[in-house]
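Participant:
Residue numbers (the UniProt record's numbering): 1 to 370.
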């Protein structure tokens with residue numbers, strides 16, 4: 001049963017101090033931090049999630065626990081294991097006196113990544129690189145990879161994070177929509193039936209859904225338009241949204257209202273930011289205005305010479321260009337006027353001064369005729 005303080009906190013924090021596009025990562029880190037702390041009695045905090053795991057020790061330890069749980073599962077359920085990818089290789093790693101950012105820490109992280117790729121077969125789109133964790137460059141992929149590792153371990157009966165447990169509830173409800181209270185009681189038959197030494201019998205407490213509709217209405221109420229984005233409740237934790245009446249599953253994860261989208265999760269606020277036309281327009285209004293341009297934009301990037309040609313010519317340049325055009329013969333055209341003497345061969349003309357009557361400080365690129 002949900003703690004009432006969690007429900008009130010979720011309602012009061014429907015608009016978080018960080019952007020909604022980052023909130024789903026915060027929710028996942030909170031879930032994974034609690035999961036790691038429950039499994040290994042650690043003190044991982046969401047704010048320092050990457051720093052707590054950057055040595056790779058806890059990651060490699062968990063990889064070996066998944067391998068052992070998979071072996072136990074294979075011995076008890078050989079028929080089911082034959083249809084699954086079962087890891088068999090344990091990860092060799094250094095567990096003592098590992099300094100963050102050191103070569104040993106990088107080696108531990110690299111060994112964990114290799115195990116994820118080769119033994120679990122995790123797709124590249126969900127993988128991260130060593131520098132992503134050590135240098136904290138790609139937090140999103142690191143979090144998604146750990147969720148996928150937890151998802152694979154749950155299939156072998158290990159304790160799963162709350163997000164994975166909620167996925168199992170939704171899948172159970174989709175398989176048998178008439179099952180009474182499948183999602184209300186927070187059941188996950190797969191974990192309970194296949195519990196193993198890696199976490200059999202353990203379950204993280206799930207929030208009930210009795211007050212979920214209140215939280216959904218609270219978030220929808222942030223829009224003050226006369227015609228709000230349609231979101232109709234079908235049953236507990238199930239809604240139809242938009243003009244297309246798309247069906248979505250909604251759950252409460254601590255202080256976050258989460259939406260099951262595709263193969264992952266998103267917060268309800270970020271989901272509405274992407275699908276509610278009113279919220280999309282308000283987000284675009286908050287973007288900084290574009291800097292005014294002094295010239296019309298071109299399809300291709302303008303080169304420096306193009307920019308110079310776009311500038312207005314100096315008055316002195318126009319006078320000199322007219323004098324040069326009168327002085328130089330045009331190939332195949334008329335000769336220069338008779339009043340202007342033709343320079344002799346080899347003669348060097350003195351440099352021209354600035355044109356009279358021109359107040360422009362511009363100068364000609366060269367003083368001699370070509």
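Positions of the beta carbon are idealized from the N, C-alpha and C atoms, including for glycine.
1) Which one of 93, 70 and 44 has the shortest CA to CA distance from residue 373?
2) Please go through the same chain and pick out, in chain order, the residues whose beta-carbon is closer than 7 Å to the beta-carbon of residue 233, but skip the five residues on each side of it.
3) Could you check whether the stretch 99-119 touches the stretch 45-59, counting it as contact only if at least three pairs of C-beta atoms, one from each stretch, sit closer than 8 Å?
4) Does the Cβ-Cβ distance between residue 223 and residue 278 come in under 8 Å?
5) Are there 16 or more other CB atoms within 10 angstroms of the CB of residue 48, so buried, or fewer, so exposed?
6) Using three-state DSSP, classify residue 249 as helix, strand or coil.
7) In chain order, what residues of the same chain have a beta carbon less than 8 Å from the beta carbon of residue 142, not counting five sequence neighbours either side?
8) Using CA coordinates, which residue listed in 176, 107, 54 and 94 is at the minimum distance from residue 100?
9) How would you write the range of the alpha helix (DSSP H) that residue 266 sits in, first residue to last?
10) Classify residue 286 as buried or exposed, calling it buried when 16 or more other Cβ atoms lie within 10 Å of its own Cβ.
11) Does the distance from the CB of residue 405 to the CB of residue 268 come in under 8 Å?
12) Considering only C-alpha positions, which residue in the set 227, 152 and 226 is nearest to residue 86?
13) Tell me where the alpha helix (DSSP H) around residue 216 begins and ends.
14) I need the DSSP call for residue 132, collapsed to helix, strand or coil.
15) What residues match up with residue 256 in a beta bridge as DSSP calls it?
16) On the premise that residue 228 lies in contact with residue 215, defined as a C-beta separation below 8 Å, what is that separation, rounded to the nearest angstrom?
17) Count Cβ pairs between the stretch 152-162 and the stretch 90-104 that sit closer than 8 Å; are there 3 or more?
18) Residue 125: buried (16+ other C-beta within 10 angstroms of its C-beta) or exposed?
19) Quick check: what's the CA-CA separation for residue 276 versus residue 242?
20) To the nearest angstrom, how far is the alpha carbon of residue 165 from that of residue 218?
21) Using 10 angstroms around the beta-carbon of residue 237, count the other beta-carbons present and answer buried if the total reaches 16, otherwise exposed.
22) Alpha carbon to alpha carbon, what distance is there between residue 81 and residue 107?
23) Spatial neighbours of residue 45 within its chain, please: CB distance less than 8 Å, with the 5 preceding and 5 following residues excluded, ordered by chain position.
24) For residue 138, which residues in the same chain have their Cβ closer than 6 Å to its Cβ, ignoring the five residues on either side in sequence?
25) By how many angstroms is the C-alpha of residue 270 removed from the C-alpha of residue 257?
Facilitator: Straight from the coordinates:
1) Outside the shown range of the chain, which is 1 to 370, sits residue 373, and nothing can be said about it.
2) Around residue 233: 213 and 239.
3) The answer is yes - the stretch 45-59 touches the stretch 99-119, with three or more Cβ pairs under 8 Å.
4) Cβ atoms of residue 223 and residue 278: closer than 8 Å.
5) It counts as exposed.
6) Reduced to three states, the DSSP call for residue 249 is strand.
7) So the qualifying residues of the chain are 50, 128, 132 and 133.
8) Of the candidates 176, 107, 54 and 94, the residue whose Cα lies closest to the Cα of residue 100 is 54.
9) Unbroken run through residue 266 is the beta strand (DSSP E), 264-267; no alpha helix (DSSP H).
10) Residue placement at residue 286 cannot be trusted, given a pLDDT of 44 that sits under 50; the coordinates are not used to answer.
11) As shown, the chain starts at 1 and ends at 370. That puts residue 405 outside it, with no answer to give.
12) Residue 86 has its Cα closest to that of 152, out of 227, 152 and 226.
13) In the DSSP assignment, residue 216 falls within the alpha helix (DSSP H) that extends over 212-220.
14) Looking at residue 132 - three-state DSSP - the assignment turns out to be helix.
15) Per DSSP, the beta bridge partners of residue 256 are 253.
16) Approximately 16 Å separates the beta-carbon atoms of residue 215 and residue 228; this is outside 8 Å, ruling out the contact.
17) Taking one beta carbon from each stretch, the stretch 152-162 and the stretch 90-104 have fewer than 3 pairs nearer than 8 Å; the two do not touch.
18) It counts as exposed.
19) Approximately 8 Å, taken between the alpha carbons.
20) Each residue's alpha carbon lies about 25 Å from the other.
21) Buried is the call here.
22) Roughly 31 Å between the two C-alpha positions.
23) Cβ neighbours of residue 45 beyond the five flanking positions: 33 and 52.
24) Residues of the same chain with a CB within less than 6 Å of the CB of residue 138, apart from the 5 flanking positions on each side, are 128 and 132 in chain order.
25) Rounded to whole angstroms, residue 257 to residue 270 spans 10 Å at the Cα level.
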